[in-house]
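Here's the structure we're looking at; comments come further down.
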Amino acid sequence: MTLLLEQLLNGLQLGVMLFLMAAGLTLVFGVMGLINLAHGSLYMIGAYAAAWVQQRTGSFLAGIAAGLAAAAVLGMALEAAILRRLYAREHLDQVLATFGVILFCNEAVAMLFGRQPLMAGPPPWLSGFVEIVPGVPYPAYRLAIIATGLAVAAGLYGLITHTRIGMRLRAGATHRDLLGALGVRVGVLFTMVFGLGAMLAGLAGALTGPLLSVQIGMGERILITTFVVIVIGGLGSVRGALAGSLLVGMVDTLTRAYLPTTLRAVLPASDADALGAGLSSMAIFILMAAVLLWRPRGLFPAHG
Amino acid sequence: MLDISGLCKRFGGLVATDAFNLAIAPGELHALIGPNGAGKTTLIGQLAGELHPDAGTIHLDGADLLALSPPARVKAGLTRSFQITQVLMQSTALDNVALVEQIRQGHSFRFWRQAASDRRLTDPAMAMLDRVGLAPRAHITAENLSHGERRQLELAMALATRPRLLLLDEPMAGLGASEAAAMTALLAGLKGQLAMLLVEHDMDTVFALADRITVMQNGRAIASGLPDAIRADPVVRDAYLGAP
Amino acid sequence: MAETPRQIAVLALAAALFVALPAIAAATARPDLITLGSQIAIMAIAVAGLDLLMGRTGLPSFGHAAWLGLGGYTVAILATHAAQGSLPPWVTQAWFAWPAAIVIPAVLALAIGALCLRTTGISFIMITLAFAQMFFFLFIALKAYGGDDGLSMRRRNALPFIAPRDDVAFFYVCLAALALVLFGLRRLAASRFGTVLDGIRQNERRMAAIGLATFRYKLAAFVLSAAIAGLAGALHVNLFRFASPDLLHWTMSGELMVMVVLGGLGSLWGPVFGAAAMVLLHAFLAQWTEHWQIVLGPILIAAVLLARRGLWGAVGGRRRGASGGRA
Numbered sequence: 000m001t002l003l004l005e006q007l008l009n010g011l012q013l014g015v016m017l018f019l020m021a022a023g024l025t026l027v028f029g030v031m032g033l034i035n036l037a038h039g040s041l042y043m044i045g046a047y048a049a050a051w052v053q054q055r056t057g058s059f060l061a062g063i064a065a066g067l068a069a070a071a072v073l074g075m076a077l078e079a080a081i082l083r084r085l086y087a088r089e090h091l092d093q094v095l096a097t098f099g100v101i102l103f104c105n106e107a108v109a110m111l112f113g114r115q116p117l118m119a120g121p122p123p124w125l126s127g128f129v130e131i132v133p134g135v136p137y138p139a140y141r142l143a144i145i146a147t148g149l150a151v152a153a154g155l156y157g158l159i160t161h162t163r164i165g166m167r168l169r170a171g172a173t174h175r176d177l178l179g180a181l182g183v184r185v186g187v188l189f190t191m192v193f194g195l196g197a198m199l200a201g202l203a204g205a206l207t208g209p210l211l212s213v214q215i216g217m218g219e220r221i222l223i224t225t226f227v228v229i230v231i232g233g234l235g236s237v238r239g240a241l242a243g244s245l246l247v248g249m250v251d252t253l254t255r256a257y258l259p260t261t262l263r264a265v266l267p268a269s270d271a272d273a274l275g276a277g278l279s280s281m282a283i284f285i286l287m288a289a290v291l292l293w294r295p296r297g298l299f300p301a302h303g
Numbered sequence: 000m001l002d003i004s005g006l007c008k009r010f011g012g013l014v015a016t017d018a019f020n021l022a023i024a025p026g027e028l029h030a031l032i033g034p035n036g037a038g039k040t041t042l043i044g045q046l047a048g049e050l051h052p053d054a055g056t057i058h059l060d061g062a063d064l065l066a067l068s069p070p071a072r073v074k075a076g077l078t079r080s081f082q083i084t085q086v087l088m089q090s091t092a093l094d095n096v097a098l099v100e101q102i103r104q105g106h107s108f109r110f111w112r113q114a115a116s117d118r119r120l121t122d123p124a125m126a127m128l129d130r131v132g133l134a135p136r137a138h139i140t141a142e143n144l145s146h147g148e149r150r151q152l153e154l155a156m157a158l159a160t161r162p163r164l165l166l167l168d169e170p171m172a173g174l175g176a177s178e179a180a181a182m183t184a185l186l187a188g189l190k191g192q193l194a195m196l197l198v199e200h201d202m203d204t205v206f207a208l209a210d211r212i213t214v215m216q217n218g219r220a221i222a223s224g225l226p227d228a229i230r231a232d233p234v235v236r237d238a239y240l241g242a243p
Numbered sequence: 000m001a002e003t004p005r006q007i008a009v010l011a012l013a014a015a016l017f018v019a020l021p022a023i024a025a026a027t028a029r030p031d032l033i034t035l036g037s038q039i040a041i042m043a044i045a046v047a048g049l050d051l052l053m054g055r056t057g058l059p060s061f062g063h064a065a066w067l068g069l070g071g072y073t074v075a076i077l078a079t080h081a082a083q084g085s086l087p088p089w090v091t092q093a094w095f096a097w098p099a100a101i102v103i104p105a106v107l108a109l110a111i112g113a114l115c116l117r118t119t120g121i122s123f124i125m126i127t128l129a130f131a132q133m134f135f136f137l138f139i140a141l142k143a144y145g146g147d148d149g150l151s152m153r154r155r156n157a158l159p160f161i162a163p164r165d166d167v168a169f170f171y172v173c174l175a176a177l178a179l180v181l182f183g184l185r186r187l188a189a190s191r192f193g194t195v196l197d198g199i200r201q202n203e204r205r206m207a208a209i210g211l212a213t214f215r216y217k218l219a220a221f222v223l224s225a226a227i228a229g230l231a232g233a234l235h236v237n238l239f240r241f242a243s244p245d246l247l248h249w250t251m252s253g254e255l256m257v258m259v260v261l262g263g264l265g266s267l268w269g270p271v272f273g274a275a276a277m278v279l280l281h282a283f284l285a286q287w288t289e290h291w292q293i294v295l296g297p298i299l300i301a302a303v304l305l306a307r308r309g310l311w312g313a314v315g316g317r318r319r320g321a322s323g324g325r326a
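Chains as they are written, first to last, in numbering that gives the first Met the number 0: chain A, 0 to 303; chain B, 0 to 243; chain C, 0 to 326.
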């Protein structure tokens, strides 16, 4: 029972991190019609910048700030240099060009930091455990991530539904062509949206770095999962991104936690573990396939 | 032969089709007119099978069309032409019509024999192009044809399916005076050989060609009958000019 | 399919180069050139299969590597079982193993395509990616077949008259396979089936409106492209005598898409040039710097942004009356 609670919280934590990634990605798709594979690279940059600064300065919060800044700056530079030429292109062109960006970023990071993973850990003041329920200690750092993620989700919700910028975002998501005609400075809006998405990705990277290892290729791994999330949730829909990320976070975490042990009942231990790990990795894709076959446009498709 | 009964379609709060009835006899050219926003495009979508009505029935010679997918409706004898030309731009006029002919003949899972040299396809295609007056331009790529020629190609493709009922969605769209006259003559030449439902804004064409006319407004058929009767009908005048 | 005189000249030159490659390799004492040549031929086969789907039918699949890997693993797994004695030894003969490597991906593609083709556009791209990832993780999880470390094959599938370790002979086999595939696809493109696919690519809505049930044709193209990739996979594993899950990784699917676009989407000869460009870039850039991929990224971006018709289109020069490298 305690294991279940712990795993549910882990699932929530993964879900919340996925939401940070997915919200940016789906907003960029909804408002600009851009499929951005390099979103994972922004996550990676955030993680690297945060870890590096944390190692140099000893300050965790400085690291987080650095991660946010690095991702935002890189994101906006990418947008200005390359991505804005892709808005009018077919999705296939966008997929290919942003794939090129991934290749470039991975090698650039390898040149700067080498291929060995960077080690970063949670700060001392978050390294302990918290007893959320008596007798169930849970890592304080993970709780902090959950709290941060939920706060960001709430802030994003407020931004989108209660502010003028949010109104323009929603309008842009459904009626891109009209925005310019209505006098909204579309170029500025697009850059801002991209910057916001990049910052969210950087934040996710900076926060998750201490939990996983900071290495090249971490961006691709989470990118695929993020795409699964937004396809399940519905392209362009932030609400869908939230639903999708929680769903995927739970399914992924719970299968990884329970499948190998379940298989041990019928298979020798190492085979069970390998098969269990493999099947758990497959789980979210099976989920996506099932959702797409039932609702080809996702659970909460954005209108328009 | 076409029998539309009680067709209804709403989009949220907007009623696009409202208990719409229409009947077309074999060989009849029936025109559908109405002010903008009357619901003509939605109706065509439902007839073609791209939209599903909320209620009502559509029968073609007794066969229930609503149970059929768009390709199946073509096989059943109902073909539509598009208001915005939808020809294959990178293929020649002949290739376009030959492809239609190939699909009509039904043997497309052939992997070896070259289609371009297959006389069973190119001969009927050439004949069809000749009929619409495009024979001299047969080997020109569609994107290099003029707008009027593309409208002719559009019609040729629709006719190549050998429909029993042809749905013409604003065939005059974008045509100049002489091109429009040519198209009108073309359609006049088809009268009697097949039934046609002509959706058009160009009143000259409508009154020149139609055997019967139905007027649509706000999704309903507000008047239906012979051209002279429609011309004189005060309800129709109000619909176009606004009630006093 | 009218090639321009310049294109024909380039084709002839390329063909001559290929045929003469073993002689060149012997003369320059560079046996690795033969491996390179084989790799190019094999990749070109896989890319040609993808081009049928992407360039001819207009279906961008981000999961093509799965079929490559499945074909390769079929051959490797058959060899493993034959070595263990659980299958008779003749399963390692090419006449059995290679058709198996073609049929198994094709059958799976039939089932998976039937599901994927219910979506369109970006969802289609993503769902093909998803299924490919599933297979990737599956092979990583199968410890019995090497898992993460991959599966080696002690010797190549037996071909009549050809010694297993004869690299030159194997190169010519790959070349012959490539020639067969390209010739077959060329016929296919101009056949009734091919014109239907092209029509679907240009305007699927119109195709439905003239009475074509498009689904079965898209599915047939999907299955055929998987079968071709399966053959390429079998040849690949034969070349290196090693099957690895990396063959199914989504970055491999990405590279296959890059090769299609580099060569020229929908241009039947483009796959050869796209594959050659990629393999040669890999090989030569890697000699200069460990970080050669930093060049590959911008090359790809530039290719997408600037060169719409790919290398083959660029060779052909400006064509009057057509906007693709297509007649």
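Where a beta carbon is used, it is the ideal one built from N, C-alpha and C, also for glycine.
Distance CB(residue i)-CB(residue j) smaller than 8 Å
| i | j | result |
| --- | --- | --- |
| Met249 (chain A) | Ala70 (chain A) | no |
| His80 (chain C) | Met110 (chain A) | no |
| Asn156 (chain C) | Val102 (chain C) | no |
| Glu199 (chain B) | Met171 (chain B) | yes |
| Ala205 (chain A) | Gly62 (chain A) | yes |
| Leu87 (chain B) | Ala75 (chain B) | no |
| Phe19 (chain B) | Gly218 (chain B) | yes |
| Leu189 (chain B) | Met182 (chain B) | no |
| Phe193 (chain A) | Met281 (chain A) | no |
| Gly239 (chain A) | Leu298 (chain A) | yes |
| Ala176 (chain C) | Ala168 (chain C) | no |
| Val303 (chain C) | Ala43 (chain C) | no |
| Arg103 (chain B) | Gly210 (chain C) | yes |
Proximal chain A residues relative to residue i, where beta-carbon distance stays under 7 Å
| i | result |
| --- | --- |
| Gly253 (chain C) | Phe98 |
| Arg117 (chain C) | Leu292, Pro295 |
Interface residues of chain B facing residue i [CB-CB closer than 7 Å]
| i | result |
| --- | --- |
| Phe192 (chain C) | Ser107, Phe108, Arg109, Phe110 |
| Leu177 (chain C) | Correct list: empty, because the minimum Cβ distance to chain B is about 19 Å. |
One or two residues paired with residue i in a DSSP bridge
| i | result |
| --- | --- |
| Arg79 (chain B) | B:Leu166 |
| Gln113 (chain B) | C:Ser190 |
| His58 (chain B) | B:Asp2, B:Asp63 |
| Lys244 (chain B) | Residue 244 (chain B) lies beyond the range of chain B shown here (0 to 243); nothing can be said about it. |
| Arg211 (chain B) | B:His29 |
| Met195 (chain B) | B:Leu28, B:Leu165 |
Neighbour list for residue i in chain C, Cβ cutoff strictly below 8 Å
| i | result |
| --- | --- |
| Ser269 (chain A) | Lys142 |
| Gln101 (chain B) | Arg191, Thr194, Val195 |
Listed by chain order, chain C residues near residue i by CB distance under 7 Å
| i | result |
| --- | --- |
| Leu44 (chain A) | In the sequence on display, residue 44 (chain A) carries Ile and not Leu. Going along chain C, no residue has its Cβ under 7 Å from Ile44 (chain A), so there is no contact; the nearest lies around 15 Å. |
Where residue i falls, given that 16 or more other Cβ within 10 Å makes a residue buried
| i | result |
| --- | --- |
| Ser236 (chain A) | buried |
| Ile2 (chain A) | Note that residue 2 (chain A) is Leu in the sequence shown here, rather than Ile. That one is exposed. |
| Arg50 (chain C) | Per the sequence presented here, residue 50 (chain C) reads as Asp, with Arg not at that position. That one is buried. |
| Arg319 (chain C) | Annotation note: pLDDT 36 at Arg319 (chain C) (below 50); position unreliable, no value reported. |
| Val108 (chain A) | buried |
| Asn35 (chain B) | exposed |
| Arg191 (chain C) | buried |
| Asp168 (chain B) | buried |
| Ser322 (chain C) | Because Ser322 (chain C) carries a pLDDT of 37, less than 50, the predicted location of this residue cannot be relied on, and no value is offered for it. |
| Leu19 (chain A) | buried |
Beta-carbon neighbours of residue i, restricted to chain A and to distances below 8 Å
| i | result |
| --- | --- |
| Leu299 (chain C) | Leu95, Ala96, Phe98, Gly99, Leu102 |
Contact set between residue i and chain C, taken where Cβ atoms lie within less than 9 Å
| i | result |
| --- | --- |
| Thr40 (chain B) | Under the 9 Å cutoff, chain C gives no residues; its nearest Cβ is about 14 Å from Thr40 (chain B). |
Interface partners of residue i on chain B, CB under 8 Å
| i | result |
| --- | --- |
| Ala212 (chain C) | Ser68, Pro70, Ala71 |
Chain-ordered chain B contacts of residue i [CB-CB under 9 Å]
| i | result |
| --- | --- |
| Ile44 (chain C) | Ordered by position in chain B, no residue passes the 9 Å Cβ test against Ile44 (chain C), which lies about 18 Å from the chain. |
At 4 residues or longer, and completely inside the segment 142–190 of chain B: list those alpha helix (DSSP H) runs for me, N to C. 146–159, 176–189
Which ranges would you report for the alpha helix (DSSP H) in the segment 143–201 of chain C if only whole runs of at least 4 residues count? 166–189
Runs of 3 residues minimum, wholly inside the segment 87–121 of chain A: which ones carry the beta strand (DSSP E) assignment? none
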